[in-house]
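Just so you know, the sequence shown maps onto residues 378 to 479 in the working numbering. Positions of the beta carbon are idealized from the N, C-alpha and C atoms, including for glycine. All values derive from a computational prediction rather than experimental measurement. Scroll down for the structure; my scribbles are underneath it.
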Amino acid sequence: MTAVAFDALRFARVLWETAKLSPEQAEGLADALVDAFDGNIATKADIRDVQADIQVVRSDIEALKGATASAKVETKRWLVGAIGFQTLAVPGAVIALTRTLH
């Protein structure tokens, strides 16, 4: 069934009577249009499905943004901790080395 209201018989009759096409040509054109309408037009249900899928993707993106922000904070904490440890460890090692050499 087509998503668009299309009267193929009326279309064929108009082509036959008005445009003076042969009945075979008129029917062929009408059939071709019915086939084109059947396969290429999105219905309202199709659009609703796509919109629902888009909403799911948007919520996934928001969740990823939150996870990325959390990972960024954890990375910064680790980096500050590592720098702080090195700040204390290097002078401590130098002091310990100088004490052992004296």
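Taking Ala389 as the centre and dropping the five residues before and after it, the same chain places the C-beta of Pro400, Ala403, Glu404, Leu406, Ala407 closer than 8 Å to its C-beta, in chain order.
Only residues of its own chain outside the window of five on either side were considered, and among them Leu392 have a CB closer than 7 Å to the CB of Leu398, listed in chain order. Our two residues, Gln428 and Lys449, have alpha carbons roughly 31 Å apart in a direct line.
DSSP places Ile418 outside both helix and strand once states are collapsed to three, so it counts as coil.
If you draw a straight line from the Cα of Asp423 to the Cα of Gly416, it is about 12 Å long.
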